[in-house]
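Residue numbers (the numbering used here), protein chains in the order written: chain A, 1 to 176; chain B, 177 to 737.
Structure first, commentary second.
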């Protein structure tokens, strides 16, 4: 079972290290961790995917809040969220086989972004499942290299993810 | 007005109310020591940076204010590490300031460069690397705020030398802006009401009072709560003094070396009210059989402590004093006299087994010395300890009537904590008598700080309980390793001569008859005094819950008539 959490953190040096160190210290297993800028230049956004049997998202959230630089944490697991992962897949392809790979890519709305004499790079963005399916279909052709960004997630519309710990996140009715 | 980074640091320390810092100079922190000469801040030169961190910690625990330790880069900073970890485990508010090489040299393995923010990341509440003078004021302001608020803890500022030397315009930041740092205060009313319902239904409630009571300053509220609901109060080691030991509702200390009746009460309870404590393994014993019939209410400011070791029925996250203040008016008065009578009965058994109930066999036990000390000081002295048997006997036989009077390393169990912490505590309360009860092993770890005490004229009275063993480990070897005393016999120096070499008056006590006079001598002699008590070598701390055993499965001291 995977857990996906969104953490808004102060955009300061060393914050990623603090989060990573916390996860190591408390024995939380990270499946993927994506960090990037947001609409606010003082804030970075992390999408953290934890792969852990029986992981307690409450515990992860509470621990994240112990870091002074963590501003907000939401659990978006099984919530109405848009989840995306981006992959670049370099596939072995002689000129004769290119069209086959291109049509496969087209079905997945993936793009060929580089063509070399004996390989192509396929770019795909989508849910984990979708990327996994394409990877499986490309595997027989020979995957030479692959890189994935890890998941990013955003709640739909004005909805927010689950915030567990009252009082600490500034959203509980009793905290003023 | 333009000031150097080092001067700005001093300006900010003064504004935080700091008048004493504990430290050690060195290349990368020299500008700070130099700037300090111009400010009304006294620098206590410890003999090792570990001593500086423990002294700052002792100062913080005795005063409730933030303690400050200062060290240079590299080895100076790494020597603080044990002290920082000790403060972290016991939520003690200290700010450590370390020198660092010039910012442009960082990462280049310059002389005395160490990645101090990296090393201390998991043992600080927060830490900072200051590379420019214009960051200093904001960082110092934040560091003190973080150290003392919420669940207190150590904060480290790693201060690059160029930032100490640079001159910038000084402006004191009146506000701290920490968008991610919002310690909780109140618990929601619905949660309080849920807790009140459990309290109403309880017939055998027990309050577990921890360090959080002292940290939150909730002693009065605790007492009101306990009296109103007629609930007995068990205390953790660091919670001792939360309720006066003489209060009829006090059950004394819980846990591995807690009072037997106290542990029995916890195991028989139908409701536990955990106030500012974290269910450490030293207080719960076997978690699977811990308080099996009890529902649990956990009042705690740190949400990560909720359900960490023990699953609780009602968590109340926030400041203890605030929550108790909110909750007390919601409570009725209850009568639990049959429960209290039951506990009182268990208590008589404990009294029979106390060392103090043993017939005089002419031998000197640590408990004799501690009890005599308690009698002599009326329980009024501040007591620092090392770690080990003497620490547990101090907790058992010095009946703490007041909070902030026991300065001891609980969570980390740091041997060598006592002497520097006692010096720190004395700086917090120069009008009080500070006693250090130490073991011969613990004492030797930081003995060098005697020179600090002499240089500062610290009025600390050192009682060394010398049994020639690393006693607590020896006790475990006796019980669980068939008396194979591996690496525990320890030869100490002649402590009276050690005292003499420092110009410290000293006495040696070898039998129970000499105890009173020696304590009186220490009491009458100004400045540091050392009393060496040559105590029974193979005495054990009882009761003892073996590690991992059920909390009421205790080894008891045999009864002697």
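Even glycine gets a Cβ: it sits at the ideal position worked out from N, Cα and C.
Model, not experiment: these values are computed from the prediction.
Contact under 7 Å by Cβ, residue i with residue j
i                      : j                      : result
residue 680 of chain B : residue 634 of chain B : no
residue 204 of chain B : residue 276 of chain B : yes
residue 675 of chain B : residue 706 of chain B : yes
residue 492 of chain B : residue 482 of chain B : no
residue 361 of chain B : residue 494 of chain B : yes
residue 60 of chain A  : residue 302 of chain B : no
residue 154 of chain A : residue 161 of chain A : no
residue 605 of chain B : residue 238 of chain B : yes
residue 305 of chain B : residue 334 of chain B : yes
residue 470 of chain B : residue 489 of chain B : no
residue 102 of chain A : residue 89 of chain A  : no
residue 418 of chain B : residue 389 of chain B : yes
residue 609 of chain B : residue 557 of chain B : yes
residue 473 of chain B : residue 629 of chain B : no
residue 246 of chain B : residue 197 of chain B : yes
residue 57 of chain A  : residue 72 of chain A  : no
Secondary structure of residue i, DSSP reduced to three states
i                      : result
residue 135 of chain B : With chain B covering only 177 through 737, there is no way to say anything about residue 135 of chain B.
residue 165 of chain A : coil
residue 282 of chain B : coil
residue 26 of chain A  : coil
residue 200 of chain B : coil
residue 437 of chain B : helix
residue 619 of chain B : helix
residue 491 of chain B : strand
residue 175 of chain A : Low confidence applies here, because residue 175 of chain A scores a pLDDT of 33, under 50, leaving its location unreliable; read the following figure in that light. In this structure, residue 175 of chain A counts as coil in the three-state DSSP scheme.
residue 429 of chain B : strand
residue 139 of chain A : helix
residue 170 of chain A : Model confidence at residue 170 of chain A stands at a pLDDT of 45, short of 50, so the residue's coordinates are unreliable and nothing is read from them.
residue 472 of chain B : strand
residue 731 of chain B : strand
residue 591 of chain B : coil
residue 253 of chain B : helix
residue 37 of chain A  : strand
residue 106 of chain A : helix
residue 554 of chain B : coil
residue 715 of chain B : coil
residue 481 of chain B : helix
residue 49 of chain A  : strand
N-terminal and C-terminal residue of the beta strand (DSSP E) that residue i is part of
i                      : result
residue 611 of chain B : 610 to 615
residue 235 of chain B : Where residue 235 of chain B is concerned, there is no enclosing beta strand (DSSP E), although the alpha helix (DSSP H) it sits in stretches over 225 to 239.
residue 257 of chain A : Given that chain A is displayed from residue 1 to residue 176, the structure contains no residue 257 of chain A and the question cannot be resolved.
residue 541 of chain B : No beta strand (DSSP E) holds residue 541 of chain B; DSSP gives it neither H nor E.
residue 155 of chain A : 152 to 155
residue 304 of chain B : 302 to 306
residue 684 of chain B : 682 to 685
Identity of the residues DSSP links to residue i by a beta bridge
i                      : result
residue 640 of chain B : B:614 and B:708
residue 466 of chain B : BP columns for residue 466 of chain B are empty, so no partner.
residue 180 of chain B : B:343
residue 220 of chain B : B:198
residue 111 of chain A : A:123
residue 451 of chain B : B:385 and B:475
Closer than 8 Å at the beta carbon, the chain B residues around residue i
i                     : result
residue 70 of chain A : 356
residue 63 of chain A : 480
residue 10 of chain A : 355 and 356
Partners in chain A for residue i, counting only beta-carbon separations shorter than 8 Å
i                      : result
residue 558 of chain B : Under the 8 Å cutoff, chain A gives no residues; its nearest Cβ is about 31 Å from residue 558 of chain B.
residue 599 of chain B : What residue 599 of chain B touches in chain A: nothing, since even the nearest Cβ is about 31 Å away.
residue 407 of chain B : Residues of chain A passing the Cβ test: none, with the nearest at roughly 25 Å.
residue 280 of chain B : What residue 280 of chain B touches in chain A: nothing, since even the nearest Cβ is about 15 Å away.
Residue range of the unbroken alpha helix (DSSP H) whose run includes residue i
i                      : result
residue 533 of chain B : Segment: none, residue 533 of chain B is in no alpha helix (DSSP H) and carries neither H nor E.
residue 182 of chain A : In the structure as shown, chain A begins at 1 and stops at 176. Residue 182 of chain A is therefore absent and cannot be evaluated.
residue 64 of chain A  : 57 to 66
residue 206 of chain B : 206 to 212
residue 387 of chain B : 387 to 392
residue 561 of chain B : Here residue 561 of chain B belongs to no alpha helix (DSSP H); instead the beta strand (DSSP E) covers 558 to 561.
residue 458 of chain B : 457 to 460
Amino acids of chain A, ordered along the chain, whose beta-carbon sits closer than 7 Å to that of residue i
i                      : result
residue 322 of chain B : 68
residue 298 of chain B : 21 and 25
residue 302 of chain B : 68
Interface residues of chain A facing residue i [CB-CB closer than 9 Å]
i                      : result
residue 218 of chain B : None at all; the shortest Cβ gap to chain A is about 30 Å.
Neighbouring residues, chain B, relative to residue i (Cβ below 7 Å)
i                     : result
residue 18 of chain A : 297
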